[in-house]
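Asker: Residue numbers (full-length UniProt numbering): 9 to 333.
Ideal Cβ placement from N, Cα and C applies to all residues, glycine included.
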Ligand code: ES4
Ligand code: ZN
């Protein structure tokens with residue numbers, strides 16, 4: 009079979025996906041109208057035309073604006089359900105979703121509506137489509153770390169959270185500022201991940217490992233600048249959730265053919281491919297895998313390695329992992 013057919017039919021796992029980043033222009037405009045939220049685009053084409061980014065910061069402005077149309081529990085249900093329907097088509101059998109509660113709280117949305125809507129859609133997809141999932145609460149690193157512990161405790165009481173993450177603007181916001189909430193999460197038995205080494209330096213990856221105690225690094229592509237760090241990541245088998253379309257859209261790399269994913273693999277790192285914010289970056293998991301593999305002259309064998317890495321790195325039971333292999 010051709011590589012695209014092989015990737016399409018391969019049962020897959022997604023480990024780095026912001027649910028707000030799956031908001032397609034159609035739904036954006038529908039929800040803006042339904043909820044009376046003003047958005048500076050009137051048409052689907054105008055929305056798509058605004059999806060041109062110079063860097064992470066310029067993307068985040070558009071992303072948080074898009075996220076502001078999500079107001080009701082039903083909106084979160086519909087958004088999550090639409091992503092999971094894509095998973096079904098793309099043969100994604102396990103998906104780990106990030107969400108950004110601080111954005112929604114700042115917009116006056118109740119935490120119950122956010123988590124309730126997402127969780128109901130995850131539960132229905134597990135029942136109807138055998139898609140397992142995990143929900144990871146992200147703290148926005150460009151906000152004050154002080155209220156984070158109280159937010160985590162509220163979210164845990166609502167249930168359904170398996171871990172915490174750290175996202176948003178990286179430069180100037182080192183992971184160490186969030187030491188306290190990551191320590192509390194660890195003591196509660198939650199999984200811990202953080203975005204690091206996307207735009208930020210290797211020092212931020214070191215901090216995520218040593219100060220926050222994370223199990224996986226989201227992005228991490230700048231680790232190659234520090235050979236000692238590469239050794240550490242290889243020795244400790246720390247998975248990297250790499251997002252090639254995201255990296256090109258946000259100008260971390262010029263184009264897919266100059267992405268360092270093949271070098272990361274050659275270095276022995278535990279690389280996975282993921283879609284990050286597919287509605288904004290031009291494709292879901294299959295498109296990320298097919299285009300990246302072909303641009304870097306990688307093979308079906310590499311696709312299998314990447315997929316096995318993702319299963320190993322997933323936050324699900326060993327029994328579920330067996331069924332995903
Ligand atoms: C994000 Cl690509 C990326 N990086 C950091 N934070 C994010 N939140 C949503 N997408
Ligand atoms: Zn991300």
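Since residue 226 is in the alpha helix (DSSP H), which residue starts that stretch and which ends it?
Answerer: Here residue 226 refers to the residue found at position 218 of the chain shown. Counting along the chain, residue 226 falls outside any alpha helix (DSSP H), though it belongs to the beta strand (DSSP E) covering 224-227.
Asker: Considering only their Cβ atoms, is the gap separating residue 30 from residue 87 smaller than 8 angstroms?
Answerer: As a position in the chain shown, residue 87 is number 79, starting the count at 1. As a position in the chain shown, residue 30 is number 22, starting the count at 1. Yes; because the gap between Cβ atoms is below 8 angstroms, this pair is in contact.
Asker: Would you call residue 137 buried or exposed, if buried means 16 or more other Cβ atoms sit within 10 Å of its Cβ?
Answerer: Indexing the chain shown from 1 puts residue 137 at position 129. Answer is exposed; the Cβ neighbour count stays below 16.
Asker: Confirm the yes/no value for this check: CB of residue 284, any heavy atom of ligand 2, distance under 7 angstroms.
Answerer: Within the chain shown, numbered from 1, the residue matching residue 284 stands at position 276. Answer for residue 284: yes, Cβ within range of ligand 2.
Asker: Taking only three categories from DSSP, how would you classify residue 195?
Answerer: Within the chain shown, residue 195 is the residue found at index 187, counting from 1. If DSSP states are grouped into helix, strand and coil, residue 195 belongs with the helices.
Asker: Secondary structure at residue 20, three-state DSSP: helix, strand or coil?
Answerer: Counting from 1 along the chain shown, the entry for residue 20 is found at position 12. Strand.
Asker: Helix, strand or coil for residue 201, going by three-state DSSP, please let me know.
Answerer: What you label residue 201 is simply residue 193 of the chain shown in a count that begins at 1. Three-state DSSP puts residue 201 in a strand.
Asker: May I have the straight-line CA-CA distance separating residue 146 from residue 61, to the nearest angstrom?
Answerer: Counting from one through the chain shown, the residue named residue 146 turns up at place 138. Counting from one through the chain shown, the residue named residue 61 turns up at place 53. Approximately 22 angstroms between the Cα atoms of the pair.
Asker: If residue 153 sits next to residue 186, beta carbons under 8 angstroms apart, how far is it from one beta carbon to the other, in whole angstroms?
Answerer: Locating residue 153 in the chain shown gives position 145, where the first residue counts as 1. Locating residue 186 in the chain shown gives position 178, where the first residue counts as 1. Indeed they touch by this definition, with Cβ atoms about 5 angstroms apart.
Asker: Out of curiosity, what's the CA-to-CA distance linking residue 75 and residue 292?
Answerer: On the chain shown, residue 75 is found 67 positions in, with the first residue counted as 1. On the chain shown, residue 292 is found 284 positions in, with the first residue counted as 1. Computed Cα separation, rounded: 19 angstroms.
Asker: Taking 7 angstroms as the cut-off, is the beta-carbon of residue 66 closer than that to any non-hydrogen atom of ligand 1?
Answerer: Locating residue 66 in the chain shown gives position 58, where the first residue counts as 1. Checking the Cβ of residue 66 against ligand 1 gives no.
Asker: Measuring CB atoms only, is the stretch 299-312 touching the stretch 106-120, in the sense that at least three cross pairs come out at less than 8 angstroms?
Answerer: The stretch 299-312, when compared against the stretch 106-120, does not touch it at the 8 angstroms Cβ threshold.
Asker: Do the stretch 195-209 and the stretch 223-240 touch if we need at least three Cβ pairs shorter than 8 angstroms?
Answerer: Short answer: they touch.
Asker: What is the rounded straight-line gap between the Cα of residue 99 and the Cα of residue 325?
Answerer: As a position in the chain shown, residue 99 is number 91, starting the count at 1. As a position in the chain shown, residue 325 is number 317, starting the count at 1. Cα to Cα, the separation comes out at about 19 angstroms.
Asker: Indicate whether residue 267 and residue 300 have their beta-carbon atoms separated by less than 8 angstroms.
Answerer: Translated into positions along the chain shown, residue 267 becomes position 259. Translated into positions along the chain shown, residue 300 becomes position 292. Yes, these two residues count as a Cβ contact at 8 angstroms.
Asker: Is residue 136 near ligand 1, going by C-beta to nearest heavy atom under 7 angstroms?
Answerer: Against the chain shown, residue 136 aligns to sequence position 128. It does not: the Cβ of residue 136 is nowhere closer than 7 angstroms to a heavy atom of ligand 1.
Asker: Can you check the stretch 244-321 for any beta strand (DSSP E) of at least 3 residues that lies completely inside it and give the ranges in chain order?
Answerer: The stretch 244-321 contains these whole beta strand (DSSP E) runs: 247-250 and 278-281.
Asker: What's the C-alpha gap between residue 237 and residue 43?
Answerer: One-based indexing of the chain shown puts residue 237 at position 229. One-based indexing of the chain shown puts residue 43 at position 35. So the alpha carbons of these two residues sit roughly 47 angstroms apart.
Asker: Going by DSSP, what residue range makes up the beta strand (DSSP E) through residue 146?
Answerer: For this step, residue 146 is matched to residue 138 along the chain shown. That run of the beta strand (DSSP E) goes 140-148.
Asker: Is it buried or exposed for residue 245, if we count other Cβ within 10 angstroms and need 16 for buried?
Answerer: As a first step, residue 245 is located in the chain shown; it is residue number 237 there, counting from the start. By the 10 Å Cβ count, residue 245 comes out exposed.
Asker: Among 54, 64, 65 and 40, whose alpha-carbon lies nearest the alpha-carbon of residue 77?
Answerer: By one-based count along the chain shown, residue 77 stands at place 69. When each option's Cα is compared against that of residue 77, the closest is 40.
Asker: Using beta-carbon positions only, say whether residue 64 and residue 233 come within less than 8 angstroms of one another.
Answerer: As a first step, residue 64 is located in the chain shown; it is residue number 56 there, counting from the start. As a first step, residue 233 is located in the chain shown; it is residue number 225 there, counting from the start. It is not a contact, given that the beta carbons lie outside the stated cut-off.
Asker: Please identify the residue among 315, 189 and 193 whose C-alpha is closest to the C-alpha of residue 19.
Answerer: One-based indexing of the chain shown puts residue 19 at position 11. That would be 315, whose Cα lies nearest to the Cα of residue 19.
Asker: Can the beta-carbon of residue 127 be found less than 8 angstroms from the beta-carbon of residue 149?
Answerer: Taking the chain shown and counting its residues from 1, one reaches residue 127 at position 119. Taking the chain shown and counting its residues from 1, one reaches residue 149 at position 141. No, Cβ-Cβ distance for residue 127 and residue 149 is not below 8 angstroms.
Asker: Which residues in the same chain as residue 188 place their Cβ atom closer than 8 angstroms to its Cβ, once the five residues preceding and following it in sequence are excluded?
Answerer: Residue mapping note: residue 188 aligns to position 180 of the chain shown, counting from 1. Cβ neighbours of residue 188 beyond the five flanking positions: 153, 156 and 157.
Asker: Could you give the DSSP three-state label for residue 175: helix, strand or coil?
Answerer: The residue labelled residue 175 in the question sits at position 167 within the chain shown. In this structure, residue 175 counts as strand in the three-state DSSP scheme.
Asker: Answer with buried or exposed for residue 249, where buried requires no fewer than 16 other C-beta atoms within 10 angstroms of its C-beta.
Answerer: One-based indexing of the chain shown puts residue 249 at position 241. Buried: at least 16 other Cβ atoms inside 10 Å.
Asker: Would residue 286 be called buried (16 or more neighbouring beta carbons within 10 Å of its own) or exposed?
Answerer: By one-based count along the chain shown, residue 286 stands at place 278. Buried is the call here.
Asker: Alpha carbon to alpha carbon, what distance is there between residue 303 and residue 265?
Answerer: In the chain shown, residue 265 corresponds to position 257, counting from 1. In the chain shown, residue 303 corresponds to position 295, counting from 1. Each residue's alpha carbon lies about 5 angstroms from the other.
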